[in-house]
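Using this note's numbering, read the sequence shown as starting at 27 and increasing by one per residue.
Read through the structure below, which is laid out as structure tokens, and then see the notes.
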Amino acid sequence: MTTAVSADDDLYRPKKYTANLPTNRFLRRLHKLLVPRSLMRFVQKRMEARLLSGIPVKINAGDILLLPDSPWQEPIWDAVDQALSEGATLGIVQHDFIPLEHPELVPPENTEIFRRWADASLQRAHYVIAVSQTIAAETRARLTKLGRRNVGEHCVTAFRNGADLPPPTSSDAIRQELIDFIGPEGDGPYVTVGTVEPRKNQSTLLAAISQVLARAPDARFLIAGVVGWNGKPIAESIRQHPGWPSNVRHFSDLTDAELRFAYKHAKAVVFPSLAEGYGLPIVESLANGTRVFASDIPVHREIGEPHCVFFDPRNPTRLAEALVAHHLNGEYAASWPPSEYELPTWHDAANTIVETSLRYAHRYVNNRN
27 MTTAVSADDD LYRPKKYTAN LPTNRFLRRL HKLLVPRSLM RFVQKRMEAR
77 LLSGIPVKIN AGDILLLPDS PWQEPIWDAV DQALSEGATL GIVQHDFIPL
127 EHPELVPPEN TEIFRRWADA SLQRAHYVIA VSQTIAAETR ARLTKLGRRN
177 VGEHCVTAFR NGADLPPPTS SDAIRQELID FIGPEGDGPY VTVGTVEPRK
227 NQSTLLAAIS QVLARAPDAR FLIAGVVGWN GKPIAESIRQ HPGWPSNVRH
277 FSDLTDAELR FAYKHAKAVV FPSLAEGYGL PIVESLANGT RVFASDIPVH
327 REIGEPHCVF FDPRNPTRLA EALVAHHLNG EYAASWPPSE YELPTWHDAA
377 NTIVETSLRY AHRYVNNRN
């Protein structure tokens, strides 16, 4: 396998190796949404020296082949099957099943593509590491449907994504436009982080904002995220909101340093997403000591209780009521501060993946022998 490194430090195959592969901007968008870049970068830094050497990877009996990503368009299964025939152990990192569980929230053509990938990977996997207990449960259910109940019952576990953003450096700069909107210490805006798209549910947030501003006209809202699939109408609604630009702003290109700045100075983070595999902004917010209003979905309960205020993501009035009570009276119906909340790091996450892989591989080899 031949790889290279892109300008933003990601592994990729050079164009001459991918020219004949099918391309689809919706697939690229879905890939970027479902796979945390921080995890991929950590794996990259551990593997790039070997990969960039140009020497083909020879997989032998007892080796572990881990798929931490979902390469939708890569013709990998012949190589995977060859590795399995040599006696390798196959592990999968499962990020979610959103295209199958919530097909209305992704491009229509991606549901069947994802189904083929999920079935092919789960039919072969010796073990699966899910990003949450919620996704682990969904993984077990899908394995059972595929006739692999034993793998589902004994070889599926979960780990937690990291909450630590890259540490600040002396070269980090915060644009003045962002500083001016966030305002003085202690009087920051409510912040929401996520791709602007139907799944992230900014439409419900906008409806709630209108109700909040009617009762608390000094409240401010910062929406951070690139515009994704079916997101242009939502982005236009943000710019056409009566609160724009004094009370409502949208930044589509925050750097890591600016995101950290926004988290630190936010009055609270609002995360109204309809479906997630994990909900990274919740954990990042708690790691920065910032209160969170989160949509009431199972995975958010898993990672955010008891420190988040939860709301029905289809009910903007309930969200508005909670935000008004917080803004005007400081009410926050959750445990705070999260002094006993164990915040994972990306280093911890990577170590857990490695240790779990070694444990399952050892079990598989012993059972085979």
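Don't be surprised by glycine CBs; every beta carbon is placed ideally from N, CA and C.
Keep in mind the model is a prediction, meaning the values are calculated, not measured.
- Item | Straight-line Cα distance separating L204 from A233 | Between A233 and L204, the C-alpha separation is close to 23 Å.
- Just checking, does the stretch 146–163 make contact with the stretch 313–320 on the three C-beta pairs under 8 Å criterion? When C-beta atoms of the stretch 146–163 are compared with those of the stretch 313–320, fewer than three pairs fall below 8 Å, so the two segments do not count as touching.
- For R55, does the count of other Cβ atoms within 10 angstroms reach 16, so buried, or fall short, so exposed? Caution applies to R55, whose pLDDT of 43 falls short of 50 and renders its modelled position unreliable; the model cannot decide the point.
- Task: Compare the Cα-Cα distances from P332 to each of V309, Y153, A360, W103 and report the closest residue.
- Result: Closest by alpha carbon: A360.
- Task: Specify the secondary structure class of F207 as computed by DSSP and reduced to three states.
- Result: DSSP places F207 in the helix class (H, G or I) of the three-state scheme.
- Taking Cβ positions, are W270 and P133 nearer each other than 8 Å? No; because the gap between Cβ atoms is not below 8 Å, this pair is not in contact.
- Task: Grab me the residues of N273's own chain with a C-beta within less than 7 Å of its C-beta, minus the 5 sequence neighbours each way, in chain order.
- Result: Within the same chain, and ignoring the five residues on either side of N273 in sequence, the residues whose Cβ sits closer than 7 Å to its Cβ are L239, A245, R246, F247.
- Look up T115 in the DSSP assignment and say whether it is helix, strand or coil. Three-state result, T115: strand.
- Query: Straight-line CA distance for E164 to R340?
  - Reply: Cα atoms of E164 and R340: separation of roughly 23 Å, rounded to the nearest angstrom.
- Query: Cα separation between D89 and L148?
  - Reply: Computed Cα separation, rounded: 19 Å.
- Task: Specify, as a first and last residue, the run of the alpha helix (DSSP H) that Y216 falls within.
- Result: Note, Y216: premise wrong, no alpha helix (DSSP H); beta strand (DSSP E) at 216–219.
- Message: Comparing C-alpha positions only, which one of W372, E262, I249 sits nearest to A288?
- Response: The option with the nearest alpha carbon to A288 is I249.
- Query: How would you write the range of the beta strand (DSSP E) that L91 sits in, first residue to last?
  - Reply: Going by DSSP, L91 is part of the beta strand (DSSP E) stretching over 90–93.
- Item | Reference R201; option with closest CA among R286, T371, T343 | Closest in C-alpha terms to R201, from the list R286, T371, T343, comes R286.
- Residue from L91, P210, V252, Q228 with nearest C-alpha to S111: The option with the nearest alpha carbon to S111 is L91.
- How long is the line joining the alpha carbons of L116 and K171, rounded to whole angstroms? Our two residues, L116 and K171, have alpha carbons roughly 20 Å apart in a direct line.
- Mind the definition here: the stretch 219–236 touches the stretch 289–301 only if three or more C-beta pairs lie below 8 Å; say whether that holds. Yes: at least three Cβ pairs fall under 8 Å.
- Message: Tell me the residue span of the alpha helix (DSSP H) that contains R344.
- Response: Unbroken alpha helix (DSSP H) run through R344: 342–355.
- Which same chain residues, not among the five before or five after P194, have their C-beta less than 8 Å away from its C-beta? Here the set comprises A283, R286.
- Query: Whose CA, out of A313, V350, F336, lies closest to the CA of P364?
  - Reply: Per the Cα distances, A313.
- Message: Within 8 Å, do at least three Cβ pairs link the stretch 176–194 to the stretch 368–376?
- Response: A contact exists between the stretch 368–376 and the stretch 176–194.
- Query: Using the C-alpha atoms, what's the distance from A375 back to A387?
  - Reply: Whole-angstrom Cα-Cα distance: 18 Å.
- Item | Cβ-based neighbour list, V252, same chain, cut-off 8 Å, excluding 5 preceding and 5 following | Its chain contains T221, V222, S278, D279 as the residues whose beta carbon lies nearer than 8 Å to that of V252, once the 5 sequence neighbours on both sides are disregarded; these appear in chain order.
- Message: So for S311, helix, strand or coil by DSSP?
- Response: Helix, per DSSP.
- Task: Could you name the residues of the same chain whose beta carbon sits closer than 7 Å to that of P129, not counting the 5 residues immediately before and after it, in chain order?
- Result: A distance below 7 Å between beta-carbons, with the five flanking residues on each side excluded, links P129 to the following residues of its chain, in chain order: T137.
- Query: Which same chain residues, not among the five before or five after S383, have their C-beta less than 7 Å away from its C-beta?
  - Reply: Excluding positions up to five away in sequence, the list reads I90, L92, G117.
- Task: Given a cut-off of 8 Å, decide if G303 and I85 are closer than it, judged by their beta-carbon atoms.
- Result: Not closer than 8 Å, so no.
- Alpha-carbon spacing of H353 relative to P259, whole angstroms: For H353 and P259, the distance between alpha carbons rounds to 28 Å.
- DSSP three-state assignment for F1, whether helix, strand or coil: No answer is possible for residue 1: the residues shown for the chain start at 27 and end at 395.
- Task: Compare the C-alpha of D95 against each of L169, V154, R394, L126 and name the closest.
- Result: It is V154 whose Cα lies nearest to the Cα of D95.
- Message: Tell me whether I264, by its Cβ, gets closer than 7 Å to a heavy atom of the ligand PLP.
- Response: In terms of ligand content, the structure shown is empty, and the ligand PLP therefore cannot be addressed.
- Is P97 buried or exposed, if buried means 16 or more other CB atoms sit within 10 Å of its CB? A residue is called buried once 16 or more other Cβ atoms fall within 10 Å of its Cβ, and P97, having fewer, is exposed.
- Message: Can you give me the C-alpha to C-alpha distance between V177 and T230, rounded to a whole angstrom?
- Response: Rounded to the nearest whole angstrom, the C-alpha separation of V177 and T230 is 39 Å.
- Task: Assign T343 to buried or exposed, taking buried as 16 or more other Cβ atoms, counted over all protein chains shown, within 10 Å of its Cβ.
- Result: So T343 counts as exposed.
- Endpoints, the alpha helix (DSSP H) within which F287 is located: Run containing F287: 282–291, per the alpha helix (DSSP H) assignment.
- Specify the secondary structure class of V296 as computed by DSSP and reduced to three states. Here DSSP, grouped into helix, strand and coil, assigns V296 to strand.
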